[in-house]
Amino acid sequence: MADQPDIATVVAARAGDPAAVDRLVAGYLPLVYTIVGRALEGHADVDDVVQEVMLRVLRNLGDLREPESFRSWLVAITVRQVRERYRSRRGAPEALLHEDVRDPGADFTDLAITRLELSGQRRETAEATRWLDEDSRELLSLWWLEASGELTRDEIVEATEVTRQHAAVRIQRMKGQLETARAVVRALAAQPPCAELRLVTVPWDGTPSALWRKRIARHTRDCSYCSPAWHNLVAAERLLAGMALVPIPAAMGGKLAIGGGSVVAAKTATGSGAHLAAKIGFSVSQKVLTAALATTAVAGTAAAVVVYRADPPPATPTAAVLATQSAAPRRTPSATPATTSPSPSLSPSPSKTSKKPVVIAAKASRKKGVGVWEFSGVKGALADVGAGWYYNWAANNDSMPGPSGVEFVPMIWGKANATDTTIAQAKKESDGELLGFNEPDMSGQANMSVEDALAAWPKLQATGLRLGSPAVAYGGDTAGGWLDRFMSGAKDKGYQVDFITLHWYGSDFSDAAVEQFLGYVDAVHQRYDKPIWITEYGLMNFSGSPKYPSDAQKVAFITGSTKGMQSRSFVERYAWFGLPAVGDSVDFGLYKDGDSPTAAGQAYKAAG
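1 is the number of the first residue of the sequence shown in UniProt numbering; add one for each residue after it.
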């Protein structure tokens, strides 16, 4: 195996030792990079996926029960992130550049050939990986590391979530594809070239693909000139044995500056380290550091990185995003809402030729809802947007009653709110549903262990209402994650969970955001086979610039995401975060006042 951190380092990192976290990231980053690079061959977003993996690992490290299983756990997270990226990019593959103009640092195979100094059949094997389909490339990335001594078969089985026998069958199938691809690489490189093969490949655009692998391989088997390409192929296992991990390229090294950096121990607002994500800093890039630790606002000091979630949160929310799935600060029930008015602004007087604004008729939908905190236009905006329901992260809506016909759904926010009085109040306010705990997997939110949540659940169940699961900030589709362990415990104890509630925030503002979001929703539904409520979602990126999407990007995302949710029968409700577009929420909210929607508000108003 490569020189990777030992169990003691994992234990120390899990306990919040920043130096251990630094060693852990530095030690395992090459492994993650190698898996992602081979699995996403030819894509330009390898470094983004690597960062997403490391962020998820660090954010969930505190929940790792068995330190000795760290590497298996890390590999499983890596595979899931690769699959998520496949889902987001499916249907829009990127063509590889011609080898004469390809940047060796931008293509994983070229980089592996260069940095590992591959030649002969090792080089042919590396080039052959471009010809595999997505599923095979994912498996190849793991099996290659098994053959080179970096992973074990048990780790591959755990990462792919199949039986050992099934993994063996899949690997044999993948190896068959790889051998065929090696013959294809040889045939295409033959000098002088085969005249008949040149005729066969006239329609080919030069991009390796599974389809052309099959066509070219069929020709090589039947062609006397090309058939020697199949001869004397050394077993791939022998070629790969002992091969080192692919070194991280300099460009990524600049983004992920591991080791020797300034490591600072951050503290929570109360001065105690309550959760790993709020306890430690690590010497990776500012992008990674901010995204991994900024689960709330950054403390106003330049001397050290101190990240925390205050309780209660500020009157106007501040959002933070982790890769494509993270959490923004929410209203807590203990907070005293402050009425916020939009800041006055100067606007030019309308000219005689100015046109009246287009009035968009609201499309009402029982599914469509919003998260609301107090502002002057709450009732009017709820009516104008056509919402079928709303919630405010509390057990009652006394401070922000909605219009007639718009359902209020109460929530038991956290452990301290699971009292007889609060639950009775929520039952009185409810029209039939009750939302469980708010982001129990986050230190600045409900911050509950799975055991605490399960212990309090019978009180919620006693209301007789339909119950929504605790709304995790991320990882709802992750095996062994917070939600997965809660659902397993609830099933074992015979507890009632009628629907799954989710939060999602995306930092990718491109057209791919819609499929990233819907792919996550679909994955969670497939795991639990229960109705889904998305009680918070939006586009925000506090780990980079710009922090918020343009109006056009928000409109496109809202239009696509709402259409997707409306078409999914298992999605019962969804709620944009949030209704007010005042103060700090002006960049992502929907309404400036009771009848003045933003561009996002107009799109959401038309949805349903």
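Every residue, glycine too, gets a C-beta built ideally from N, C-alpha and C.
Q) Does the count of Cβ pairs from the stretch 35-54 and the stretch 65-78 closer than 8 Å reach three? A) yes
Inset, instruction - Check each candidate in Leu58, Tyr574, Pro401 and Cys226 and name the one with the smallest Cα separation from threonine 501. - result: Tyr574
Per-residue DSSP class, three states only, for proline 18:
helix
Am I right that glutamate 158 and serine 224 are in contact with their C-beta atoms under 8 Å? What's the rounded C-beta distance? Rounded, the Cβ-Cβ distance is 46 Å, inconsistent with contact.
- With 16 other Cβ atoms within 10 Å as the buried cut-off, status of glutamate 94: Its pLDDT being 45, under 50, glutamate 94 is placed unreliably by the model, and the measurement read from it follows with that caveat. Classification of glutamate 94: exposed, given that the 10 Å Cβ count is below 16.
field: Candidates Arg215, Gln191, Ala190 and Pro192, of which the one nearest valine 202 by Cα
entry: Arg215
Exercise. Is it right to say glutamine 177 is buried, meaning 16 or more other beta carbons lie within 10 angstroms of its own, or is it exposed?
Worked result: buried
Query raised in the report: In whole angstroms, what separates the C-alpha of leucine 58 from that of serine 488?
Result: 23 Å
Across the stretch 188-203 and the stretch 168-176, are there enough close Cβ pairs to call them in contact, namely three or more that are closer than 8 Å? no
**Asked** Roughly how many angstroms lie between the CA atoms of valine 53 and proline 228, to the nearest whole one?
**Response** 42 Å
When you compare the CB positions of phenylalanine 577 and glycine 519, do they come within less than 7 Å of one another, or not? no
### Query
Taking DSSP as the reference, what is the three-state secondary structure of leucine 467?
strand
Just list the residues that DSSP pairs asparagine 438 with in beta bridges.
Ala471
**OP:** Assign histidine 231 to one of three DSSP states: helix, strand, or coil.
**Re:** coil
* Can you list, in chain order, the residues of its chain whose CB lies under 8 Å from that of arginine 221, leaving out five sequence neighbours each side? -> Ser227 and Trp230
**Message:** Just verifying my parser: in three-state terms, what is the DSSP assignment at threonine 220?
**Reply:** helix
If you measure between the beta carbons of leucine 434 and threonine 463, is that distance less than 7 Å? yes
Next on the checklist: For alanine 128 and valine 185, which I take to be in contact (beta-carbon distance under 8 Å), what is that distance rounded to the nearest angstrom?
Outcome noted: 5 Å
Option in Ser569, Leu151 and Val409 with minimal Cα separation from serine 69 = Leu151
When you compare the CB positions of tyrosine 505 and methionine 540, do they come within less than 7 Å of one another, or not? yes
ask   = Under 7 Å between the Cβ atoms of alanine 217 and threonine 180?
value = yes
Is the beta carbon of glutamate 429 sitting closer than 7 Å to the one on methionine 400?
no
Residue environment, alanine 513, which counts as buried when at least 16 other CB atoms sit within 10 Å
buried
If contacts are defined as beta-carbon pairs under 8 Å, then threonine 535 and tyrosine 391 qualify, I think. What distance do you get, rounded to the angstrom? 7 Å
| phenylalanine 570 lies in the beta strand (DSSP E); which residues open and close that run? | Neither: phenylalanine 570 is in no beta strand (DSSP E) and is coded neither H nor E.
Please list, in chain order, all residues of the same chain as residue 612 whose beta carbon is under 6 Å from its beta carbon, the five residues on each side excluded. Since the displayed the chain opens at 1 and closes at 608, residue 612 lies outside it and no answer follows.
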